[in-house]
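Heads up: the sequence lines are chains A, B and C, in that order.
For the first sequence, counting from 1, position 241 maps to 241 in the working numbering; every step adds exactly one.
For the second sequence, counting from 1, position 104 maps to 1104 in the working numbering; every step adds exactly one.
For the third sequence, counting from 1, position 323 maps to 2323 in the working numbering; every step adds exactly one.
Think of the CB as a built atom: it goes at the ideal place given N, C-alpha and C, for glycine as much as any other residue.
Every value quoted in this text rests on a predicted model; they were computed, and no experiment measured them.
Here the structure comes first, spelled out in structure tokens, and everything after it is commentary.
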Amino acid sequence: MITAVRIPGSLASAAEYAAAGGWIMAGGTVVMAQVNNGSVDASELISLRAAGLSGIRVADDMVHIGATTTFREVAELEFLADAVRTIASPSIRNLATVGGNLFVPQPYGDFAVCLLALDATVHIAGSGENRAAKVGEPLARGEIVTGVSFARPAAGTWFYRKAMRRKLNSAAIVAVAAVVHTEGGVVSSARIALGGVAPRPVRAVSAERVLVGRWLDAAALDEAGAAARADIEPFDDAYASAWYRTRVLPVHLRRAVLR
Amino acid sequence: MASTVVSLRLNGRPAEFLARPGTSLLSSLRDSLGLMAAKRGCAQGGCGTCTVLLDGRPVMSCLVAVETIEGASVRTLEGVAADDGRLDAVQSAFLDGFATQCGFCTAGMIMVAESLLAGNPDPSRDEVVEAISGNVCRCTGYASIIAAILDAARRKREVDVV
Amino acid sequence: MTSLDKTFFPGEQRDDFTVIGSVTQRADALGHVTGRTAFFEDLTPPGLLHLKMARSQRHHARIAGVDLSDALAVDGVVRILTHADIPNNLYTPLKLIGVEPDDEPILAEDTVRYLGDPICAVVAETEAAAYEAVARIRVTYQDLPAVFDVEEALAEGAPLVNEYQGHNYFTYEGHHCRRLRFGDVDEAFARADHVFEWRYESAPIEHAPTETTGCIVVPQPDGRLRIHSDTQACFFTLDNTALILGTPFNKLRIVGGTVGGGFGGKVDIVVEPVACVAAMLTNRPVKFVYTRYEEMQVSSPRAAERIYIKDAVMNDGRILGRKIILYVDAGAYARHSPYGTTKAAAHMPGPYAIPNVWADCHCVFTNRTPSSAMRGFGVTIADFALESQMDRIARALEMDPLRLRLLNAYRDGDMKAHRKVAEGTALIEVIQKAAAMVGHELPAEFRRMSSAEGR
């Protein structure tokens, strides 16, 4: 049962409350759903609304997004707008935050998939030293994500596609996010992340290996997609079966890049 | 577990009430303030029946911890018609366009439409569909709801021209 | 005013309607667009208590023990109800029309028969306290073998799902299924040019109303209970609840009729009786409303069905005989499924004049969520199977599927398998009209057919 909601006005104060065992909450789209059905295993909620962690900074092609920045705001970053539009509904995007998305179990958490492909740094504060982590690294008790940062991909190198049961507001059957560089049509580097096909966002390292050095065409992408099956741990849920996800992964990996 | 006094600007008027820790905006509206238009369809953010405008933007009020929005402006369906009871363009369009069936999703649909039309007086059909994509009409009356929102936009534009 | 199409059945159609064909505002629409329509939950009586259910976490088990001590210690818990608190704990909703036996406890006694079977009802000052107490109820189970498939449930040696029924099937006037016998299907199969046999199967279907099932019960100064409910069946609920409470019907009053989506599903008596008992024992208003999870997991769905259809068919497409074996998965309790199974039997062999028909329609108990009513239950899935069968026969005979249907369509005066003479049939005309509307060419002899003319 929730006995207190803390609304710390600073990060340090938030970290103290977190160290005492409260649940961190930003937009509330994940935590409040659990409060409402009585399944929060803590007595305190710590709202980050007043902790000063919101906002987007772009400098020298480095993008920094504060942890409590909502997806409505993230959509203002043009290259990410299409990806953000595949996440939930506008009413949810007015609340849901970038920091929270890192902790959403698959097949949700599409933005975490984007961040993995972008090789983003996750900035973490806590009782000790601030630290930088990779997407997916666990947090210690009392630690708080303050923001994420990444290099904005060069024009034409960012790819994203999410296969859903409906065109809008549905979870991922397969989500593909990728940064692929080519030189003279030949892939010089590829960083591909997948959602919906494992308990957490995963790198498709097998697909990346196939692509580097190849012409970026349908044949190479089909081969890469087939190879990516080695990188996934798919599951059955109400959206799709593990079999189906495995089956269609190469199709969506190809379509993500070739459109 | 002490309750907190929360102050909001509610449908243009000041409102003050007590909230137990962890109370949602939806529960406060319904249980403390007697505003019943917003509905609890799932309490999980999945159905949109509880949609209200928070500082002008549609949100699922079941997902908003009310203590964290002290001082905010909240608008519900009760605050949409004029004080003398005259319906606004969206309400009229829903009424005339048979865009209600069981009525349980109606409040959420109308609030989303209010926000959409405030920022976009001439939305495309696709923009309407995206705006209501978080709102479930299980009677599956979407076609008439979408038509009503487009009709409301026309009505508002005509009024604005006059 | 829209004019009615009077191409068919001249002289039989009226066109002096004043409402049909005209634009008439819905009576409830103004309330909906202003938010003033009062649904049952839009009521906050002072002193309202909240009821949450502790449910079985097993598919089939004996209850070895229930420990309420931790739950009762939660601040705000007023009372926890068990089966001992319910005056007539065992019921079946269709007893109002003479269906027996009572086979379902309001709260589990010594056995749970499906995942989610209600065991104890926590009544508390707040929803949060009720949830907390539910989480602290300790139930000790001794697992029993469970069965989830209709044919496995009817096989020798299957675990018995519901002791009150005595078998894993509902008994119809001494018979193990609802049967239909007309002519001689075996003779038809022997005589037929072709015999086609296929199997059809459906999964349970949840109605998923946006407003979940629930009620608020308010004790009145005169000793009556006022039940605000979103039931689609006010009087059915009132009568069943009175029988469960052991009170005269006039001690209860239902306020209802405003339903946030029902789709034929809000007709089970699943929240009102226990909420009434809680209100009586505490003398306070009590709200019991399903969570979305409960609505999906335990509110009764349309039954899963499995249907085998075997047809005796001539080269020209005439169906001489049809044999149907149909299984309705009732889940752990009867609810409305015996009736749904009868409806399925009554629907066979579809809208076709087939001279030899044999059907066995089984209402089967399994350890799944009890199924019950939903729009056209018993009929919809049967139609899916029957019409799929017709299409497959047409494909096998390389025949136009509409002509196959027209050839076999029932007509006024035909003797149906249930020994009723068909009247008011219009399948032929509907197919003719539909074919014309989509530009599907029919030869003259098929265009000339009429439901009104004997074959």
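Shortest Cα-Cα distance from A/G195 to any of A/D231, A/S54 and A/S10 involves A/D231. B/E1067 belongs to the set of residues whose beta carbon lies under 9 angstroms from a beta carbon in chain A. Below the 8 angstroms Cβ cutoff, chain A contributes A33, N36 and N37 as neighbours of B/A1043, in chain order.
Look at the region 41-52 of chain A: the residues with a C-beta under 7 angstroms from a C-beta of chain B are L45, S47 and R49.
Comparing alpha carbon positions, the residue from C/R2062, C/C2363, C/T2092 and C/R2199 closest to C/K2310 is C/R2199.
Contacts with chain A at 9 angstroms (Cβ-Cβ) include B/M1060. Within chain C, not a single residue places a beta-carbon under 7 angstroms from that of A/M25; the smallest gap is close to 16 angstroms. At a cut-off of 9 angstroms, the C-beta of C/E2295 has no neighbouring C-beta in chain A. Between B/L1026 and chain C, the shortest Cβ-Cβ separation is not below 9 angstroms.
The alpha-carbon separation between B/D1122 and B/L1077 amounts to approximately 22 angstroms. Going by beta carbons, C/T2291 and C/V2259 fall outside the 9 angstroms limit. For C/P2338, there is no enclosing beta strand (DSSP E); the residue is part of the alpha helix (DSSP H) that begins and ends at S2337 to H2347.
B/V1059 is positioned such that its CB atom lies closer than 9 angstroms to that of A/L95.
Counting along the chain, A/A238 sits inside no beta strand (DSSP E), nor does DSSP assign it H or E at all.
Closest option to A/F111, judged by alpha-carbon separation, among A/E129, A/G128, A/D82 and A/H123: A/D82. Beta-bridge partners of C/L2090 (DSSP): C/P2105. In the three-state reduction of the DSSP assignment, C/K2052 falls in the strand class, which pools E and B. Under a criterion of Cβ atoms nearer than 8 angstroms, no residue of chain A is adjacent to C/A2121; the nearest Cβ is some 15 angstroms distant. The residue from A/M1, A/G147 and A/I87 with its alpha-carbon nearest to that of B/A1131 is A/I87. Annotation: C/L2115 is outside any alpha helix (DSSP H) and is labelled neither H nor E by DSSP. A check of alpha carbon separations from C/A2027 across B/Q1101, B/D1084, B/T1106 and B/A1148 identifies B/Q1101 as the nearest. DSSP, reduced to helix, strand and coil, places A/N94 outside both helices and strands of the structure shown, so it counts as coil. Scanning chain A for C-beta atoms nearer than 8 angstroms to the C-beta of B/E1114 yields nothing, as the closest lies near 12 angstroms away. The C-alpha of A/A12 lies about 48 angstroms from the C-alpha of C/E2206. The three-state reading of DSSP puts C/R2181 in strand, counting E and B together. For A/I92, not one C-beta of chain C is nearer than 9 angstroms to its own C-beta. The Cβ of C/T2210 sits no closer than 9 angstroms to any Cβ of chain A. Your pair C/Y2114 and C/R2368 checks out as a contact, with CB atoms roughly 6 angstroms apart and the cut at 8 angstroms. Identification of residues in the region 2124-2149 of chain C having a C-beta nearer than 9 angstroms to some C-beta of chain A yields T2126, E2127, A2128, A2129, A2130, Y2131, E2132, V2134 and A2135, given in sequence order. Contact of B/V1136 with chain C is assigned, a C-beta pair being separated by under 9 angstroms. Shown here for C/F2384: same chain residues with a beta carbon closer than 8 angstroms to its own, the five before and five after excluded, namely Y2200 and S2202 in chain order.
Bridge pairing for A/T121: A/K134 and A/S149 [DSSP]. Taken through DSSP and simplified to helix, strand or coil, C/M2415 comes out as strand. Residues of the region 1099-1114 of chain B with a Cβ closer than 7 angstroms to any Cβ of chain C, in chain order: T1100, C1102, G1103, F1104, C1105, T1106, A1107 and I1110. When CB distances to chain B are screened at a threshold of 8 angstroms, not a single residue of the region 2382-2409 of chain C falls below it. When the beta-carbon positions are compared, A/G55 and A/T69 come within less than 9 angstroms of each other.
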